[in-house]
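In the numbering used here, the protein residues as written are 362 to 1066.
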């Protein structure tokens, strides 16, 4: 019978004994053990608010998970965890613990605590959330920039907290004008006395006041030493400090100055080239409070310094401060948001001033820390400008061959005669990075990918053929498609060719190259030498350069971008600041038209005036930073779909309306953000709103995405 036991289907035969039921098993006296995978919630705060590592915009929020009792002690706020999300295990951070959840359904369990080290404090999490909202990004993308990957061995070897016998920080001053005001730490640093507001700024740091300043360094200033002295004032008041610089060369110089002023035990230098383990070791020392000064490149803006009292960014106009990964934050904006949230002092420093820094000064949010004009004239070199087509000064055949005007040629000769090095700044790397037809001046292009042709460095016996700068294919039989001429001429000269020409013009002088394919030099010795460097690779000369020649100024000024003049002036000032003062014979010759505003600012040594004029021009034209603008790049169909769902924010009365500019087609071969391959079709739209509506625009862009 279906559904019956097997022994019930057997018929009973005569003489056969009746089947006896099996003896019953004795009942167990102990209760059944729970299953090995059975979980019980934590006794208190059993709900964890987790930020999962998922960059999808519609999932940019916290998710609730149940904390099992086994992980109650280790799932602390800021710990790294793993949770099951959409059927797979993903990483995340615990941002909070609570007793209840707003979710009506069943909560998933916290799967694993990767590390109980609280690497994400509440302050750092709030900063990352602010940065993500400002740039219309996701919290997960910002957390990847702020928190380095974990190394278990490093967590075990590093000390967990500062020594217990360390001295307690001094109590904050009441800020009064009573006795002892002159005893504030760092109040009498002589280097800051050259700036009328310099001592007052250090005094504010020593009294734990959130001062905001824009500092314009003097020519030849030891800026690394000045920043170390400012950090000493903040640390002497019991607070921490963060200093962000553009590149590794600046970081090495700053680290040497900070170690000299504060000692090695207080300084943590953070850089990407340290390696994952060493960088995490130093970052962890800052997070645990063992180091009170964090210095580094752009990622150091998120350094978890305890109780920050000073936030500094040096040379904020450098492109290296802009993060190339989503959501593309700028280190200056990160430090601004951090200063707003923590009340720390902020110092925007540099040899020049950007339009964004000028906005801070004009609005009264920051004060300008500058020297008076008498001090500037005494410290600055003599600057002369000359146009590239000024033939009356090109009578010397050697000067003409080296593409150096006669005034610059004579300045270099005088400096070399005085046994001083000469700096030659060339804006382009390579030998002949761009060539054109010698007959019709048509730019030479590759026949395969239509990329620009250039001529790499060769030898006198075997010159190099024209080679594509995109695909690398040589074209040994090039003929102009317009006039069929096989002859080429140089339309752009690089640093390699410049070094070769200067070597012929000065046959008895040593020529050194820095950057542009050659190793970047940090320093050069005193003595007669020609140093050819690309922008940003200028080495520091022992005792200063006797002269600096800034070549091909029109190439820098003619770039089709908003910051061409500002960036050109920044590069010129960086090189001119390495030259001796004018009373000591220092000379700078810039090869560009003297009527250009950037050239006039260099001649007068007035970067603040140029920043003001630049801001006025951008305000009149409706360009950043006078307005907030977002660039939308993508496939044409996807871009139209995004614009269809984008709601432009409403502006106040008397302010211009929000507007969409474009779309316009991007050049073929453009690599879109987040993509690894170049695309053939891409478009760009610009969305412009007033400054006050910038936050609303970011919110609407995030919602549309």
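Even for Gly, the Cβ is constructed at its ideal location relative to N, Cα and C. All figures in this text were calculated on a predicted structure; none of them were measured in a lab.
Practice prompt. Please classify residue 735: does DSSP put it in a helix, a strand, or coil?
Written response: Locating residue 735 in the chain shown gives position 374, counting from the first residue. If DSSP states are grouped into helix, strand and coil, residue 735 belongs with the helices.
Fill in: Length-filtered (4 minimum) alpha helix (DSSP H) runs lying within the segment 936–1015
Within the segment 936–1015, the complete alpha helix (DSSP H) segments at least 4 residues long are 958–965, 968–982, 997–1006, listed from N- to C-terminus.
Worksheet item: So, helix, strand or coil for residue 524, using DSSP?
Response: For the purposes of this step, residue 524 is taken as the residue at position 163 of the chain shown. Reliability of the predicted coordinates at residue 524 is poor, the pLDDT of 49 falling under 50, and the value obtained from them is presented with this limitation in mind. Looking at residue 524 - three-state DSSP - the assignment turns out to be coil, as it is neither helix nor strand.
Worksheet item: In three-state DSSP terms, what is residue 817?
Response: Here residue 817 corresponds to residue number 456 of the chain shown, with the count starting at 1. Three-state DSSP puts residue 817 in coil, outside helix and strand.
Worksheet item: What are the boundary residues of the beta strand (DSSP E) that residue 576 is part of?
Response: Position 215 of the chain shown, counted from the first residue, corresponds to residue 576. Start and end: 573–577.
Discussion item. Considering only their Cβ atoms, is the gap separating residue 514 from residue 475 smaller than 8 Å?
Written reply: In the chain shown, the residue the question calls residue 475 occupies position 114. In the chain shown, the residue the question calls residue 514 occupies position 153. Cβ atoms of residue 475 and residue 514: not closer than 8 Å.
Worksheet item: Between 449, 586, 942, which lies nearest to residue 738 when the distance is taken from Cα to Cα?
Response: Residue mapping note: residue 738 aligns to position 377 of the chain shown, counting from 1. Nearest option by C-alpha distance: 942.
Worksheet item: What's the call for residue 802, buried or exposed, on a 16-neighbour Cβ count within 10 Å?
Response: Residue 802 sits at position 441 when you count from the first residue of the chain shown. Residue 802 comes out exposed.
Discussion item. Are the CB atoms of residue 741 and residue 935 within a distance shorter than 8 Å?
Written reply: Counting from 1 along the chain shown, the entry for residue 935 is found at position 574. Counting from 1 along the chain shown, the entry for residue 741 is found at position 380. Cβ distance not < 8 Å, so residue 935 and residue 741 don't count as in contact.
Discussion item. Tell me the residue span of the beta strand (DSSP E) that contains residue 713.
Written reply: Along the chain shown, read from residue 1 onward, the residue named residue 713 stands at position 352. Neither: residue 713 is in no beta strand (DSSP E) and is coded neither H nor E.
Fill in: residue 786, enclosing beta strand (DSSP E) - first and last residue
Taking the chain shown and counting its residues from 1, the one referred to as residue 786 is at position 425. Its beta strand (DSSP E) spans residues 783–786.
Worksheet entry | beta strand (DSSP E) segment containing residue 1046, residue limits | Reading the chain shown from its first residue, position 685 is the one you call residue 1046. Start and end: 1044–1051.
Worksheet item: Does the beta-carbon distance from residue 952 to residue 775 come in below 8 Å?
Response: Position 591 of the chain shown, counted from the first residue, corresponds to residue 952. Position 414 of the chain shown, counted from the first residue, corresponds to residue 775. For the pair residue 952 and residue 775, the CB atoms are not nearer than the 8 Å cut-off.
Fill in: Through-space distance from residue 817 to residue 826, alpha-carbon basis
Within the chain shown, the letter at position 465 stands for residue 826. Within the chain shown, the letter at position 456 stands for residue 817. Going by the C-alpha atoms only, they are around 8 Å apart.
Worksheet item: Do the CB positions of residue 907 and residue 947 come within less than 8 Å of each other?
Response: Taking the chain shown and counting its residues from 1, the one referred to as residue 907 is at position 546. Taking the chain shown and counting its residues from 1, the one referred to as residue 947 is at position 586. For residue 907 and residue 947, yes; Cβs fall inside 8 Å.
Worksheet item: For residue 553, which of 499, 572, 582 has the nearest alpha-carbon?
Response: By one-based count along the chain shown, residue 553 stands at place 192. Selected option, being the one with the closest Cα: 582.
Worksheet item: Would residue 1067 be called buried (16 or more neighbouring beta carbons within 10 Å of its own) or exposed?
Response: An answer regarding residue 1067 cannot be provided, because it is not within the stretch 362 to 1066 covered by the chain.
Worksheet item: If we ignore side chains and look at the alpha-carbon of each, how far apart do residue 413 and residue 459 end up?
Response: Looking up residue 413 in the chain shown gives position 52. Looking up residue 459 in the chain shown gives position 98. Whole-angstrom Cα-Cα distance: 17 Å.
Practice prompt. Report yes if the CB atom of residue 867 is closer than 8 Å to the CB atom of residue 882, and no otherwise.
Written response: As a working mapping, residue 867 is identified with position 506 in the chain shown. As a working mapping, residue 882 is identified with position 521 in the chain shown. No; because the gap between Cβ atoms is not below 8 Å, this pair is not in contact.
Worksheet item: How close, in whole Å, do the beta carbons of residue 807 and residue 844 come, if the pair is a contact with beta carbons under 8 Å?
Response: Residue numbering aside, residue 807 sits at position 446 when the chain shown is read from its first letter. Residue numbering aside, residue 844 sits at position 483 when the chain shown is read from its first letter. The pair is not a contact, with the Cβ atoms about 18 Å apart (cut-off 8 Å).
Worksheet item: Roughly how many angstroms separate the alpha carbons of residue 471 and residue 427, rounded to a whole number?
Response: Position 110 of the chain shown holds residue 471. Position 66 of the chain shown holds residue 427. The straight-line gap from Cα to Cα measures roughly 6 Å.
Practice prompt. Have a look at residue 848 and residue 835 and give me their C-alpha separation to the nearest angstrom.
Written response: Position 487 of the chain shown, counting from 1, holds the residue named residue 848. Position 474 of the chain shown, counting from 1, holds the residue named residue 835. Spanning the two alpha carbons is a distance of roughly 15 Å.
Fill in: Segments assigned beta strand (DSSP E), at least 3 residues, entirely inside the segment 866–900
872–875, 891–894
Fill in: Three-state class that DSSP yields for residue 426 in the structure shown
What you label residue 426 is simply residue 65 of the chain shown in a count that begins at 1. Strand, per DSSP.
Practice prompt. Could you tell me the distance, in whole angstroms, from the CA atom of residue 997 to the CA atom of residue 928?
Written response: Here the question's residue 997 lines up with position 636 in the chain shown. Here the question's residue 928 lines up with position 567 in the chain shown. Answer to the nearest angstrom: the Cα atoms are 32 Å apart.
Fill in: One or two residues paired with residue 410 in a DSSP bridge
As a working mapping, residue 410 is identified with position 49 in the chain shown. Answer by DSSP bridge pairing, in chain order: 425, 457.
Practice prompt. Kindly indicate the opening and closing residues of the alpha helix (DSSP H) around residue 909.
Written response: Residue mapping note: residue 909 aligns to position 548 of the chain shown, counting from 1. Per DSSP, residue 909 belongs to no alpha helix (DSSP H); it is in the beta strand (DSSP E), 908–911.
Practice prompt. Mind checking who residue 446 pairs with in its DSSP beta bridge?
Written response: In the chain shown, the residue the question calls residue 446 occupies position 85. Per DSSP, 449.
Worksheet item: residue 415 to residue 690, Cα distance in whole Å?
Response: The count along the chain shown starts at 1 and reaches residue 415 at position 54. The count along the chain shown starts at 1 and reaches residue 690 at position 329. Using only the alpha carbons, I get a separation of about 19 Å.
Worksheet item: Which runs of the alpha helix (DSSP H) fall wholly inside the segment 627–652 and span at least 4 residues, in chain order?
Response: 637–648
Discussion item. For residue 473, list the residues DSSP reports as bridge partners.
Written reply: The residue labelled residue 473 in the question sits at position 112 within the chain shown. 443, per the DSSP bridge assignment.
Worksheet entry | Of the listed residues 571, 933, 655, 639, nearest to residue 706 (C-alpha basis) | Translated into positions along the chain shown, residue 706 becomes position 345. The shortest Cα separation from residue 706 among 571, 933, 655, 639 belongs to 571.
Item to complete: Check whether the Cβ of residue 435 lies closer than 8 Å to any Cβ atom in chain D.
Response: No chain D appears in this structure, which consists of one protein chain only.
Item to complete: Inspect the CB distances between the segment 1021–1033 and the segment 447–456 and report whether three or more fall short of 8 Å.
Response: As far as the Cβ criterion goes, the segment 1021–1033 does not touch the segment 447–456, which means the pair count is below three.
Worksheet item: Can you round the beta-carbon distance between residue 675 and residue 606 to whole angstroms, since I take them to be within the 8 Å contact cut?
Response: Position 314 of the chain shown holds residue 675. Position 245 of the chain shown holds residue 606. Taking 8 Å as the upper bound for CB-CB distance, residue 675 and residue 606 are in contact here, some 5 Å apart.
Discussion item. Could you compute how far the alpha carbon of residue 916 sits from the alpha carbon of residue 788?
Written reply: Working through the chain shown from its first residue, we reach residue 916 at position 555. Working through the chain shown from its first residue, we reach residue 788 at position 427. When rounded, the distance between both Cα atoms is 7 Å.
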